[in-house]
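In what follows, a structure is listed as structure tokens, so that the remarks can point back to it.
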Amino acid sequence: MSSIEKQTVCTHSIFIEFFGADLRGKTLLYSLLFAIISLCLTPSPGISRGEPPRSKDQKPLKEESFEKAIWNEAMAQDPDKWSDELKNNLLRLKPDSTIEELAEGIRTRQLHAKIHESVKKGEMSREEAKKQLDRLSPPTKRPNNTDKNYEIEKFRNGVLARAKMQIPADWSDELKAAIVRAGWDVEEIAKKFHGNKSKINDEKLEREKKQKYRKGVLTRAAAQSPDEWSDELMDAIKKAGWSVKELAAKISKHQEETRGGIRSKSTNLSLLMLELDTAVENHSWGQIKKEIAP
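In terms of my numbering, the numbers along the sequence shown are unbroken and rise by one, the last being 291.
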């Protein structure tokens, strides 16, 4: 091979090596750039393409779908016809509410939907719809609500709150009167918030409370000599419906029989309850409670 040929081959090799190195560098650069772009376009775990990322406070899609299905089912029915399963699911979603409160809210939403549908069909004007919607709104959110109306609603809400906090048997006469002044029936409010088991005139509960109070007074009285009774104890005896003089005579007699071994202490107390003046039967627990209140 001549010197010219050797030089040509050497030059050709140098060009191949130069451009080959340049191509490998560019290939590496392009690969790195492609990897960065792919990483940026790849969605994070739990995020589907085309959807905005969900914050930590948002519920999972499956849970949201379940809740939506429950509310849709409730809205599609008359609350009076809700199944027990649906009621339980609603209480799971709103554990701080009662079924009655949820039913009232659903009925209001159903009325809203019905009014909007009537407007769409041309069966009701927008002005009439606005008036009806205003009447369904809470008093504090009504645009033309007067101070008088607000005070009335405030009073009614306060009465309901007190009625919910106590069982009907413990409702005072003042609370019952307030319920009537608010425009409600006492028995209906009792049934609405406490069910059929809690009736205002529950005679059994009245008797139990009355007997418990009388037994407490009698136990204190029988534990000491009538001569040692305090004024406070004698007042309690009177409030229980007994005559202090009559009770003192009976207790003295029974204490003597107990000391003589004629009867046991427990039997003594039981017989006293049977032998005492029954006039207290006409003395209701409500009256006793009112008298002993400070």
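By construction, the Cβ of each residue, glycine as well, lies at the ideal position given by its N, Cα and C atoms.
Can you tell me whether residue i is buried or exposed, with buried defined as 16 or more other CB within 10 angstroms of its CB?
{"i": "Val177", "result": "exposed"}
{"i": "Gly238", "result": "buried"}
{"i": "Ala73", "result": "exposed"}
{"i": "Arg256", "result": "exposed"}
{"i": "Arg211", "result": "buried"}
{"i": "Ala160", "result": "buried"}
{"i": "Pro76", "result": "buried"}
{"i": "Ala233", "result": "buried"}
{"i": "Pro92", "result": "exposed"}
{"i": "Trp79", "result": "buried"}
{"i": "Lys65", "result": "exposed"}
{"i": "Ala246", "result": "exposed"}
{"i": "Ala158", "result": "exposed"}
{"i": "Lys118", "result": "exposed"}
{"i": "Lys207", "result": "buried"}
Establish whether the CB of residue i and some CB of chain D are separated by less than 8 Å.
{"i": "Arg217", "result": "Structure shown: chain D not included; a single protein chain is present."}
Excluding five sequence neighbours on each side, which residues of the same chain lie with their C-beta closer than 7 Å to the C-beta of residue i?
{"i": "Lys235", "result": "Val241"}
{"i": "Arg123", "result": "Val116"}
{"i": "Ser226", "result": "Sequence check: residue 226 is Trp here, not Ser. Result list for Trp226: Ala218, in chain order."}
{"i": "Arg70", "result": "Correcting the residue type first, residue 70 is Glu in the shown sequence and not Arg. Answer for Glu70: Leu83, listed in chain order."}
{"i": "Leu99", "result": "Leu87 and Lys91"}
Give every residue of the same chain whose Cβ lies closer than 8 Å to the Cβ of residue i, excluding the five residues on either side of it in the sequence, and list them in chain order.
{"i": "Ser115", "result": "Met121 and Ala126"}
{"i": "Ile67", "result": "Leu83, Asn86, Leu87 and Leu90"}
{"i": "Arg217", "result": "Leu230 and Ala233"}
{"i": "Ala110", "result": "Met72"}
{"i": "Arg104", "result": "Pro76"}
Leaving out five residues on either side along the sequence, give the residues of the same chain with a beta carbon under 6 Å from the beta carbon of residue i.
{"i": "Gln315", "result": "Residue 315 lies beyond the residue range present for the chain, which begins at -2 and ends at 291; the question has no answer from this structure."}
{"i": "Ile96", "result": "Lys84"}
{"i": "Ile186", "result": "Ala160 and Ile176"}
Please confirm whether any heavy atom of the ligand FAD lies closer than 7 Å to the CB of residue i.
{"i": "Ala158", "result": "With respect to the ligand FAD, the structure offers nothing, as it holds no ligand at all."}
Open item on the list: I want to know whether the region 146 to 157 touches the region 170 to 187 - three or more CB-CB distances under 8 Å.
Closed with: In short, these stretches touch, since the Cβ pair count reaches three.
Open item on the list: My parser needs the alpha helix (DSSP H) runs of 4 or more residues fully inside the region 160 to 191; what are they?
Closed with: 170 to 178 and 183 to 191
Task: Continuous alpha helix (DSSP H) assignments of at least 4 residues falling wholly in the region 66 to 154 - done: 81 to 90, 96 to 117 and 123 to 133
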